[in-house]
Amino acid sequence: MTSGRPVADWVLLSYRLPREPSTPRIAVWRKLTRLGVARIGDGLVALPADARTREQFEWLAQEIGEHGGDATTWLGRPLDPGQEEHMIDELRAARAAEYRRIADQARVAPPEDQVRVLRRLREELRRIGQRDFFPPPERDAAEAALRALTGVEVR
Amino acid sequence: MNWVTRPGVHIDRAACAWLIRRHIDPDATFSFGAGPGTAFDMPGAELGHHGGDCTFETMLRHYGLTDPVLWRIAEAVHEADLGDDRFAAPEAPGLDAVVRGLSLLHPDRQVIDLTGPLFDGLYEYHRQRLLLGREPA
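In order, the protein sequences belong to chains S and R.
Mapping of the first sequence onto the working numbering: residues 1 to 155, in sequence order.
Mapping of the second sequence onto the working numbering: residues 1001 to 1137, in sequence order.
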């Protein structure tokens, strides 16, 4: 966060996995989705670097190795600040879309199902929050939509 | 015996340190980052993440610990650490929040001392739950 840059460094995971069997490929894809990575290119993903994201990539790299693939982890940053901005915008937009889905589902919840929908969406919101590095305004909208589902007056 | 793990103790390392002290090596000492001894929860270590398991699960397997209460705790540690919905462990997010908060306040050595009683409590809760077949009072 020094020198006014939004991200101090990025941690990158460069990886290659055999095309077959497909199960490990799918497992890795799901993990990357859950981590909320920026997909820079074929087999190259990035996250803002912190102790946690570094560790997550290190374990994933090891797992890829165990599946007969190759993976290396890197620290770096784009030379062009514009490219960094673009990456941040993409990550923010990806989370915004997820938050919008939460809000949409909350709004159409049938009255007799509200409690069940609320529980599910709260859990999903928590998961999205874990991979949200640059919170978009849609987060507040999703939270408000869930509060409306509780039927409790907003303070 | 001395045990070595990476600095920045979070849920998996805290749970492993508790497991080592209570069930593997009562006289255990710990180093963070480097040092002689048995490495755990470090990339490349035998006692690490393997086959989708977190280090706590790997340690239970490695030391042949079959106590069902420990395996129930392993589910909570797994979900808190990896969050891949493999298990239903509703306490996982809370456990993760508390341990993460402690790691923001205290150095690693203190975190594993402070989280010891936390896992003792979790163990007792799940032990009684298993014996009673329902949630203890």
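All residues carry an ideal CB built from backbone N, CA and C; glycine is no exception.
Computed from a predicted structure; not experimentally measured.
- Near chain S, meaning a CB-to-CB distance below 8 Å, the residues of the segment 1060-1088 of chain R are G1083 and D1084.
- For the pair I64(S) and V28(S), the CB atoms are nearer than the 8 Å cut-off.
- No Cβ of chain S is located within less than 8 Å of the beta carbon of G1033(R).
- By a beta-carbon distance limit of 8 Å, F1087(R) does not contact W1018(R). Their separation comes to about 19 Å.
- The Cβ of G1094(R) sits no closer than 8 Å to any Cβ of chain S.
- Taking CB atoms only, E58(S) has a neighbour in chain R less than 8 Å away.
- The C-alpha of S22(S) is placed about 26 Å away from the C-alpha of L91(S).
- One thing to note: L17(S) has its Cβ no nearer than 8 Å to the Cβ of R30(S).
- Put simply, the CB of E66(S) is near chain R, with a gap under 8 Å to one of its CB atoms.
- Among the residues facing chain S, G1116(R) is not included, as its CB has no counterpart in that chain under 8 Å away.
- In the three-state scheme derived from DSSP, where H, G and I count as helix and E and B as strand, L35(S) is classed as helix.
- Using a CB distance below 8 Å, the part of the segment 1005-1021 of chain R facing chain S consists of R1006, G1008 and H1010, ordered along the chain.
- Among the CB atoms of chain R, one or more fall inside 8 Å of the CB of Q130(S).
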